[in-house]
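> Below you will find the structure I want to go over with you.
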Amino acid sequence: MDPLFDIVAIFSLVLIVWVLSSVRRAHIRVEYSVSWLLAGAVLLVLSRWRTLDGWIAAGLGISDSFIALAMIAGAAFLVVLYRLSLRISGLKDSSITLAQQVAILEFRLEALNEKIQTPAAR
Amino acid sequence: MTPFVNQNEKRLLILIPAFNEEGAVGGVVREVRGAVPETPILVVDDCSVDSTRGEAIVAGAKVLALPHHLGLGGCVQAGYRLAYELGYDYVIRVDGDGQHDPRDIPTVLNALEQGDCEMVIGSRFVDGNGTHTSWLRAAGILFFRAMLRPILGRPVRDPTSGFVGVNRTALELFSATFPLEYPEIEALVVLQRKRFRFVEVPCRFRPRRAGQSTITAVKSLYYMIHVLLGVFVNVLKFDTRRK
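If you're matching them up, the sequences are chains P and U in order. Residue numbering for the first sequence follows the numbering used here, starting at 40 and increasing by one per position. Residue numbering for the second sequence follows the numbering used here, starting at -7 and increasing by one per position.
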């Protein structure tokens, strides 16, 4: 099973480097990188610290420590994705409200301009 | 300048949501003007990439232009918000594709003015002509009829109709809370949550004048799941069921 742990370690490192690189290039905002970096760090630690995997597997009643690691990895990514879904939903709501308000303000501004430019309205 | 805010006592606004309807929207606006002269017409342009906005203006409507595409619910809600802010008492929504016959607007308005309900649905199945409905849509309507009956506690014959009139009470509600993607069915459940009433009146429906429906056969399954989930979530929000 060792190669599998090595693959997870490499994957974790790639994830961390990729996210840090994206943050540096301002593709991801710092606050949204934290969840991914934490998930990557946890996976890296677990893939290298086999004793800890053993403890967790025993605690979960799982005989295979790699399955315990895979479960933790899956759970970590589900949590990250759920947090992002929450954030996206909030941003979409804000975006819709903002778009509606901008449209209404533009509409009222145009109406006001027309009123000002019409001599009969003065 | 013709005042956008109507000076008559009814304070009715005709709301036409439109997305890429350059081939139909002008004709719809002219028909509405013929059916209810002197009534302000607001076309809400959901960031069309064609000349929908220009066609609507040329035909004599005012246009509320959204800065980016919001989908039907967001588009209609923007119109409701503006109408509510401007103090309209009644808003009747007519689709921009020409499927609704503007000659039925007085029927919807009369039902609203009776004061027995907060929303009026122009229905193609109440002595109307539902024959212009595709088989897929007809099947969906049958399904949603059966699903909504126990939730609403009464039958609804045309739950997907977009020919809808609301009074100021419903306008206030929908300005604040309105389903954003496929709004017609969920709006009924939102209405029921607040114990508001609706009635259906017979209206004529026609084939769309131009363009294509946004709900294609492929999207139908997504539509069904989306609406079912939306209805389920709204049912969970019920404070107290109507006795």
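C-beta atoms are modelled at their ideal positions from N, C-alpha and C, and glycine is treated no differently. Quantities reported herein were computed from a predicted structural model and do not represent experimental measurements.
Going by C-alpha distance, which of U/179, U/194, U/4 and U/184 is nearest residue 143 of chain U?
U/184
> In the structure shown, what three-state DSSP assignment does residue 166 of chain U receive?
helix
> Sort U/182, U/20 and U/154 by Cα distance to residue 161 of chain U and report the nearest one.
U/182
> What does residue 146 of chain P reach in chain U if we use C-beta pairs closer than 7 Å?
56 and 74
> Would DSSP call residue 13 of chain U helix, strand or coil?
coil
> In chain P, what lies closer than 8 Å to residue 218 of chain U by C-beta?
Chain P residues near residue 218 of chain U: none, gap ~14 Å exceeds 8 Å.
> Determine whether the Cβ of residue 7 of chain U lies closer than 7 Å to any Cβ atom of chain C.
Among the protein chains in the structure shown, which are P and U, there is no chain C.
> Can you pull the chain U neighbours of residue 155 of chain P, defined as C-beta to C-beta under 8 Å?
The premise fails here: residue 155 of chain P is roughly 10 Å from chain U at the closest Cβ pair, so nothing lies under 8 Å.
> Between which residues of its own chain and residue 80 of chain U is the CB-CB distance below 6 Å, once the five residues before and five after are set aside?
3 and 5
> Comparing C-alpha positions only, which one of U/52, U/188, U/111 and U/41 sits nearest to residue 19 of chain U?
U/52
> Closest to residue 169 of chain U by CA distance: which of U/69, U/225 and U/136 is it?
Of the candidates U/69, U/225 and U/136, the one whose C-alpha sits nearest the C-alpha of residue 169 of chain U is U/69.
> Would you give the residue range spanned by the alpha helix (DSSP H) that residue 133 of chain P belongs to?
104 to 156
> Give the range of the beta strand (DSSP E) segment to which residue 192 of chain U is assigned.
190 to 194
> When we look at the beta-carbon of residue 30 of chain U and count the other beta-carbons within 10 Å, is it buried (16 or more) or exposed?
exposed
> Kindly say whether residue 141 of chain P, judged by its beta-carbon, lies nearer than 7 Å to any beta-carbon of chain U.
yes
> How far does the beta strand (DSSP E) with residue 157 of chain U in it extend, from its first residue to its last?
156 to 159
> Along the alpha helix (DSSP H) that carries residue 264 of chain U, what are the first and last residues, could you check?
Residue 264 of chain U lies beyond the residue range present for chain U, which begins at -7 and ends at 235; the question has no answer from this structure.
> Start and end of the alpha helix (DSSP H) containing residue 72 of chain U?
Unbroken alpha helix (DSSP H) run through residue 72 of chain U: 63 to 77.
> Which residues of the region 113 to 142 of chain P have a Cβ closer than 7 Å to any Cβ of chain U? Give them in chain order.
Residues passing the 7 Å Cβ filter: 135, 138, 139, 141 and 142.
> In the DSSP output, what is residue 216 of chain U paired with across the bridge?
Residue 216 of chain U is not bridged to any residue.
> Could you check whether residue 56 of chain U and residue 146 of chain P sit closer than 7 Å to each other, using their CB atoms as the reference points?
yes
> Can you tell me where the alpha helix (DSSP H) with residue 33 of chain U in it begins and where it stops?
Run containing residue 33 of chain U: none in the alpha helix (DSSP H); it sits in the beta strand (DSSP E), 33 to 37.
> In the DSSP output, what is residue 153 of chain U paired with across the bridge?
For residue 153 of chain U, which the question treats as bridged, DSSP gives no partner whatsoever.
> Going by CA-CA distance only, name the one from P/47, P/98 and P/68 that's closest to residue 78 of chain P.
P/47
> I need the DSSP call for residue 197 of chain U, collapsed to helix, strand or coil.
Strand at residue 197 of chain U.
> How do the region 87 to 103 of chain P and the region 20 to 39 of chain U stand: do at least 3 beta-carbon pairs fall below 8 Å, yes or no?
Taking 8 Å as the limit for Cβ pairs, the verdict is that the region 20 to 39 of chain U does not touch the region 87 to 103 of chain P.
> Using a Cβ-Cβ distance cut-off of 7 Å, determine whether residue 71 of chain U contacts chain P.
Residue contact with chain P for residue 71 of chain U: absent (no Cβ-Cβ distance below 7 Å to any residue of chain P).
> Give me the residue from P/66, P/54, P/139 and P/88 with the minimum Cα distance to residue 75 of chain P.
P/54
> Look at the alpha carbon of residue 48 of chain U and the alpha carbon of residue 13 of chain U, and state the distance between them as a whole number of angstroms.
Across the structure, residue 48 of chain U and residue 13 of chain U are spaced so that their CA atoms are roughly 9 Å apart.
> If you compare alpha carbons, which of U/104, U/223 and U/65 is closest to residue 159 of chain U?
Among U/104, U/223 and U/65, the Cα nearest to that of residue 159 of chain U is on U/104.
> Thinking C-beta only, is residue 81 of chain P closer than 7 Å to residue 72 of chain P?
No, these two residues do not count as a Cβ contact at 7 Å.
> How big is the Cα-Cα spacing for residue 71 of chain U and residue 164 of chain U?
Each residue's alpha carbon lies about 12 Å from the other.
> What does residue 62 of chain U touch in chain P if you count any residue whose Cβ is under 8 Å from its own?
135, 138 and 139
> Would you say the beta carbon of residue 156 of chain U comes nearer than 6 Å to a heavy atom of the ligand GDP?
With respect to the ligand GDP, the structure shown offers nothing to examine, as it has no ligands at all.
> Which one or two residues does DSSP pair with residue 85 of chain U in a beta bridge?
U/7 and U/156
> Run through the DSSP bridge pairs and tell me what residue 54 of chain U is partnered with.
U/34
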